[in-house]
Amino acid sequence: MYKGIVITKDEAGYTSKITEIASKPLQEGEVRVEVKYSTLNYKDALAITGRSPVVRSFPLTPGIDFSGVVIESKHPAWKERDEVLLNGWGVGEKYFGGLAEQVTVSGDWLIQKPSAFSFKDTM
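Under numbering that gives the first Met the number 0, think of the first position of the sequence shown as 0, with each following residue one higher.
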């Protein structure tokens, strides 16, 4: 279990709250990352407030980018303790995003964090 912002939608509209999220077993090609930094940008604000149809499936954790450390991997390119970042790929729109303590994504979407930058600097 980990905490994150979760957006839901029902007849009454959008609801956003910090809640516990259950970790699911990784599928082949997936990587679980401990999020160190993310950003709250315009697109995320639209998603959280429901002012624009940014979110394509519910429930969903927003956050179109993040940087962090690999904590589990079923992708050949990534191992535990690798430092990574991600921006885009539908994360925070179609797939759970970076506004959480952890995120699970396709390893193909990750890039190695440049060693010259801190996690915060990459955001």
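Even for Gly, the Cβ is constructed at its ideal location relative to N, Cα and C. As the structure is a computational prediction, the values presented were derived from the model and not from experiment.
Note on the segment 47-113: whole beta strand (DSSP E) runs with a minimum of 3 residues are 64-72, 82-86 and 101-105, in chain order. Where Glu19 is concerned, the enclosing beta strand (DSSP E) starts and stops at Gly12 to Ile20. Here Glu33 is not near Ile63, since their CB atoms are 8 angstroms or more apart. DSSP links Asp9 through a beta bridge to Gly12. Going by DSSP, Ser37 is part of the beta strand (DSSP E) stretching over Glu29 to Ser37.
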